[in-house]
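Undergrad:
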Amino acid sequence: MTATRPTLAVWKFASCDGCQLAVLNCERELLEIAEAVEIRWFPEASSVMVDGPVDVSLVEGSISTLDELHRIRRIRGQSDLLVTIGACATGGGVQALRNGQDLDAFVNAVYATPEYISSLSTSTPISDHVIVDAELQGCPIDKRQLIELISALVAGRPPRLPTWSVCQECKANGTVCVMVAGGVPCLGPATMAGCGGLCPGLGRGCFGCFGPMENPNVAALDGHFVQLGLSEEQRARLLRGVCDFTTTGR
61 MTATRPTLAV WKFASCDGCQ LAVLNCEREL LEIAEAVEIR WFPEASSVMV DGPVDVSLVE
121 GSISTLDELH RIRRIRGQSD LLVTIGACAT GGGVQALRNG QDLDAFVNAV YATPEYISSL
181 STSTPISDHV IVDAELQGCP IDKRQLIELI SALVAGRPPR LPTWSVCQEC KANGTVCVMV
241 AGGVPCLGPA TMAGCGGLCP GLGRGCFGCF GPMENPNVAA LDGHFVQLGL SEEQRARLLR
301 GVCDFTTTGR
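For the sequence shown, the positions run 61 to 310 when my numbering is used.
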């Protein structure tokens, strides 16, 4: 880190821009962030773009083209710290559903002139290609985690990010377990906390948008799904819905 304000860049790869919009959604905290760091590259928010080395790079999106592969390596080379933000960057995202499928068939079905499409056969997380220093899960990311990350970087301390499951958030909120009390299939026991237990709080099961928690007990969760009467196909489909490349692409 530099002795002055840390320099920050925000980069986009294959994604919907939702996590960059989550940065802008910090609203009143955004002015404090802008004062605490020097933003050198953030096309979503500013026309001022200064190329070159930065202290911190926030990266949204997965690697889906050869150009993106070259670009992420260049960005890694000019970043002291590289942080992936969101399900696409940390786990491959929705794009990873194509992995292991017939990409040419998809391209021919969607595009009128498929010969102009240049894409890798897989969509992969940033960590498959370069060293990643920290990850923010979610689709989109939670702004509280982003603020914590930037505050930690400015203060020179490790960020305090959750490694536990959504179940802990539900218990902290006093939310009745939808799976135990209502028989609703829920991925909360295997999903990383960070959303505040949003879906169970509204009476529906978690569908895993924050990716797998640290060391999830998937076998035990699958056993609960069996008790709920889910077929093997239903259980597999449910678990594949977790926003993580290891479950959608491998």
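We treat Cβ as the ideally placed atom computed from N, Cα and C, and that holds for glycine. Given the structure is predicted, the values throughout are model-derived calculations rather than measurements.
Whose C-beta lies closer than 6 Å to the C-beta of cysteine 227 among residues of the same chain, with five residues either side of it excluded?
TA: In the sequence shown, the residue the question calls residue 227 occupies position 167. Cβ neighbours of cysteine 227 beyond the five flanking positions: Gly248, Pro249.
Undergrad: Which residues in the same chain have their Cβ closer than 8 Å to the Cβ of leucine 285, if we skip the five residues on either side of it in sequence?
TA: Within the sequence shown, the letter at position 225 stands for residue 285. It is phenylalanine, not leucine, that sits at residue 285 in the sequence shown. So the list reads Pro245, Gln294, Arg295, Leu298, once near-sequence residues are dropped.
Undergrad: Measuring CB atoms only, is the segment 118 to 134 touching the segment 64 to 79, in the sense that at least three cross pairs come out at less than 8 Å?
TA: Yes, the segment 118 to 134 touches the segment 64 to 79.
Undergrad: Between the C-alpha atoms of cysteine 266 and glycine 257, what's the straight-line distance to the nearest angstrom?
TA: Start at 1 with the first residue of the sequence shown, and residue 266 comes out as number 206. Start at 1 with the first residue of the sequence shown, and residue 257 comes out as number 197. Roughly 8 Å separates the two Cα atoms.
Undergrad: According to DSSP, glutamate 120 sits in a beta bridge with which residue or residues?
TA: What you label residue 120 is simply residue 60 of the sequence shown in a count that begins at 1. BP columns for glutamate 120 point to Lys72, Ile145.
Undergrad: When burial is assigned at 16 or more other CB atoms within 10 Å of the CB, is methionine 239 buried or exposed?
TA: What you label residue 239 is simply residue 179 of the sequence shown in a count that begins at 1. Buried, by the Cβ-count rule.
Undergrad: Mapping the DSSP letters down to three states, classify arginine 310 as helix, strand or coil.
TA: In the sequence shown, counting from the first residue as 1, residue 310 sits at position 250. Confidence at arginine 310 is low in this model, with a pLDDT of 41, below 50, so the placement of that residue is unreliable and no value is reported for it.
Undergrad: Mind checking tryptophan 71: buried by the 16 CB within 10 Å criterion, or exposed?
TA: Walking along the sequence shown from the start, residue 71 turns up at place 11. Tryptophan 71 should be labelled buried.
Undergrad: With a threshold of 16 other CB atoms inside 10 Å of the CB of alanine 74, please say whether the residue is buried or exposed.
TA: What you label residue 74 is simply residue 14 of the sequence shown in a count that begins at 1. Its Cβ being crowded by 16 or more others within 10 Å, alanine 74 is buried.
Undergrad: Measure from the alpha carbon of aspartate 115 to the alpha carbon of each residue in Cys230, Arg136, Ile207, Cys148, then state which is nearest.
TA: On the sequence shown, residue 115 is found 55 positions in, with the first residue counted as 1. For aspartate 115, the nearest C-alpha among the options comes from Arg136.
Undergrad: Report buried or exposed for glutamine 138, applying the criterion of at least 16 other Cβ atoms within 10 angstroms of its Cβ.
TA: Residue mapping note: residue 138 aligns to position 78 of the sequence shown, counting from 1. Exposed is the call here.
Undergrad: Would you kindly check if the distance between the Cβ of proline 185 and the Cβ of glycine 152 is under 8 Å?
TA: In the sequence shown, residue 152 corresponds to position 92, counting from 1. In the sequence shown, residue 185 corresponds to position 125, counting from 1. Closer than 8 Å, so yes.
Undergrad: Starting from the Cα of threonine 67, find the closest Cα among Pro276, Trp101, Tyr171 and give me that residue.
TA: For the purposes of this step, residue 67 is identified with residue 7 of the sequence shown, where counting begins at 1. For the residues Pro276, Trp101, Tyr171, the minimum Cα distance to threonine 67 belongs to Trp101.
Undergrad: Let me check one thing: in DSSP terms, what residues is methionine 252 bridge-paired to?
TA: Along the sequence shown, read from residue 1 onward, the residue named residue 252 stands at position 192. Methionine 252 is bridged to Ser225.
Undergrad: Please tell me whether, using a cut-off of 7 Å, the distance from the CB of leucine 129 to the nearest non-hydrogen atom of the ligand GDP is below it.
TA: For the structure depicted, the ligand GDP is absent and the ligand set is empty, with no information on it obtainable.
Undergrad: Can you say whether proline 276 is buried or exposed, counting buried as having 16 or more other CB atoms within 10 angstroms of its CB?
TA: Your numbering for residue 276 matches position 216 in the sequence shown. By the neighbour-count rule (16 or more Cβ atoms within 10 Å), proline 276 is buried.
Undergrad: So what does DSSP say about aspartate 188, is it helix, strand or coil?
TA: In the sequence shown, residue 188 corresponds to position 128, counting from 1. DSSP places aspartate 188 in helix when its eight states are reduced to three.
Undergrad: Which residues in the same chain as valine 236 place their Cβ atom closer than 7 Å to its Cβ, once the five residues preceding and following it in sequence are excluded?
TA: The residue given as residue 236 occupies position 176 in the sequence shown. No residues qualify anywhere along the chain.
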